[in-house]
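Okay, so here's the structure we're looking at.
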Amino acid sequence: DNMDLALAHSIRARLEQEGVELDGWQMNALAHAARAAKEKLLGDPDQGAVPVVIPRRGSQLVGGSIRTEVERETVTRLVLDGFFPSVDADAAPATRSRVGLTRLGLPYASDAAITKHLAAFLRKQGSLAPTSVLFNGGVMRSETLRERLKGTLDGWLDAPTRTLVGGDLDLAVARGAAYYGRTREGHGIRIRGGTAQAYYVGIESAMPAVPGLEPPISLMCVAPFGMEEGSEAELPPHQLAVVVGEPVTFRFFGSHVRRHDAPGATFDRWSRDEVVELAPIAVTLPAEDRPEGDVVPVSLHASITPVGTLLLEAVPETPRKEGERWKVELSVRGEAG
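Numbering (my numbering), first residue to last: 315 to 651.
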């Protein structure tokens, strides 16, 4: 989608130089037309340019369409240089400060360079290195893109990778989703890989207040690396407590490299390359008949649900009602860290 948007904005800028203004509705139509043009130009090496037609609204709809074309060179330059640049193995995605108020939606990456994200991901795997590449998605029908991605990857490795072939690139995701749905109903073979990283919750230290100093936190492993969906982890007893009846923040962390931490393992020192803080969760835990701000001793229980969330439950040592527990959920599907 972001490739289509980049191409659509490039076409829009060219039209504006020609005195043609597009409204939001026409930009949506242009994005769809850009996608079709991109797939034709990247999929057929004999295509030099593809016409793009943008309809007008109202009385101008008939015979009043805006017509232009997209050249192969434009698409190749935008997609290759913008999304698949040749980078070194130590490249990292650029970050930017976020606006305080934002619309709810998918957590899109701030850097469009796929090769930078790939380099950062592989560094987190330690000594593991890929030996094969399986391309997926319609955009990968382009031999130019496949060569750029594989060439960049092979430049980081000691030995070149081999390309796996087979299947329909356009339908691969849909077929995989359909097959996964069947396995959830008990049909077929389901590949179990578990969580792609270990997960930790931050625990604030109990200490006297010091001006200008936030209480330090330690990290407790609540879900080890590779924990499978549907499995549970009973955490060893710790002297822990939760604050109820007022807004609190749960801080979660993830690590791709700490693969041997057991549930309940704690530590208070780590590096940024080792552990990454995830999005915090702000919540007010129901106090029931307790005073607001009461500190309640609890034990913790963690599980990975079938829908791909980490469920952390705090069970009070002296519950006020049967089955009382507080729950916090964190999505762990596709969490890159």
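Idealized CB from N, CA, C, for every residue including glycine.
Worksheet item: To which residues of the same chain is Pro-405 closer than 6 Å at the C-beta, ignoring the five residues directly before and after it?
Response: A quick correction: the sequence has Ala, not Pro, at residue 405. Around Ala-405: Lys-430 and Ala-433.
Worksheet item: Are at least three pairs of beta-carbons, each pair with one atom in the region 496-504 and one in the region 459-474, less than 8 Å apart?
Response: Not touching, per the Cβ criterion.
Worksheet item: In this structure, what does DSSP give as the bridge partners for Pro-641?
Response: Looking at the sequence itself, residue 641 is Lys, so the reference to Pro does not match. According to DSSP, which records beta bridges pairwise, Lys-641 is partnered with Glu-627.
Discussion item. Quick check on DSSP: helix, strand or coil for Gly-568?
Written reply: In the structure shown, Gly-568 sits in a strand (DSSP, three-state: E or B).
Worksheet item: Where do the N-terminal and C-terminal ends of the beta strand (DSSP E) with Ser-456 fall, by residue?
Response: Segment: none, Ser-456 is in no beta strand (DSSP E) and carries neither H nor E.
Worksheet item: Relative to the alpha-carbon of Val-642, which residue among Gly-357, Ser-617, Pro-633 and Pro-530 has its alpha-carbon at the smallest distance?
Response: The candidate whose alpha carbon is nearest that of Val-642 is Ser-617.
Discussion item. Counting C-beta neighbours from all protein chains within 10 Å, is the total for Pro-577 16 or more, i.e. buried, or is it exposed?
Written reply: Label assigned to Pro-577: buried.
Worksheet item: Helix, strand or coil for Ile-618 per DSSP?
Response: Of the three classes helix, strand and coil, the one that applies to Ile-618 here is strand, per DSSP.
Worksheet entry | Nearest-angstrom Cα separation, counted from Ser-446 out to Asp-315 | 26 Å
Practice prompt. On a CA-only basis, which of Arg-386, Val-401 and Leu-459 is nearest Gly-285? Give me that one, please.
Written response: Lying before the first or after the last residue shown, residue 285 is absent from the chain, which here runs from 315 to 651.
Fill in: Limits of the beta strand (DSSP E) - the one that Met-310 falls within
Here the chain comprises residues numbered 315 to 651, so residue 310 is not present and cannot be evaluated.
Discussion item. Taking the alpha-carbon of Val-536 as reference, which of Ala-520, His-574, Ile-505 and Glu-528 has the nearest alpha-carbon?
Written reply: His-574
Item to complete: Quick one: using the 10 Å Cβ neighbour count with 16 as the cut-off for buried, is Tyr-494 buried or exposed?
Response: exposed
Discussion item. At 4 residues or longer, what runs of the alpha helix (DSSP H) sit wholly inside the region 355-400?
Written reply: 386-397
Worksheet item: Is His-554 helix, strand or coil by DSSP?
Response: Just to set this straight, residue 554 is Leu in the shown sequence, not His. Three-state DSSP puts Leu-554 in a strand.
Worksheet item: Counting along the chain, where does the beta strand (DSSP E) carrying Leu-432 start and finish?
Response: Here Leu-432 belongs to no beta strand (DSSP E); instead the alpha helix (DSSP H) covers 428-437.
Worksheet item: Does the Cβ of Leu-485 have 16 or more other Cβ atoms within 10 Å, making it buried, or fewer, making it exposed?
Response: By the neighbour-count criterion, in which 16 or more other beta carbons inside 10 Å mark a residue as buried, Leu-485 falls on the exposed side.
Worksheet entry | Spatially closest choice to Gln-511 from Glu-457, Gly-540, Leu-463 and Asp-582, by CA coordinates | Gly-540
Fill in: Asp-337 versus Ala-350, Ala-322 and Leu-355, residue with shortest Cα-Cα distance
Ala-322
Item to complete: Identify, in the order they occur along the chain, each residue of the same chain with its Cβ nearer than 8 Å to the Cβ of Pro-444, setting aside the five sequence neighbours on each side.
Response: So the list reads Leu-436, Leu-467, Leu-471 and Thr-475, once near-sequence residues are dropped.
Practice prompt. Using the Cα positions of Trp-584 and Val-571, report the straight-line distance between them to the nearest angstrom.
Written response: 12 Å
Worksheet item: Looking only at C-alpha atoms, which of Gln-331, Val-334, Pro-359 and Ile-325 sits nearest to Leu-344?
Response: Ile-325
Worksheet item: With a cut-off of 8 Å, do at least 3 Cβ pairs link the region 352-365 to the region 377-395?
Response: Between the region 352-365 and the region 377-395, the count of C-beta pairs closer than 8 Å reaches three or more; the two stretches touch.
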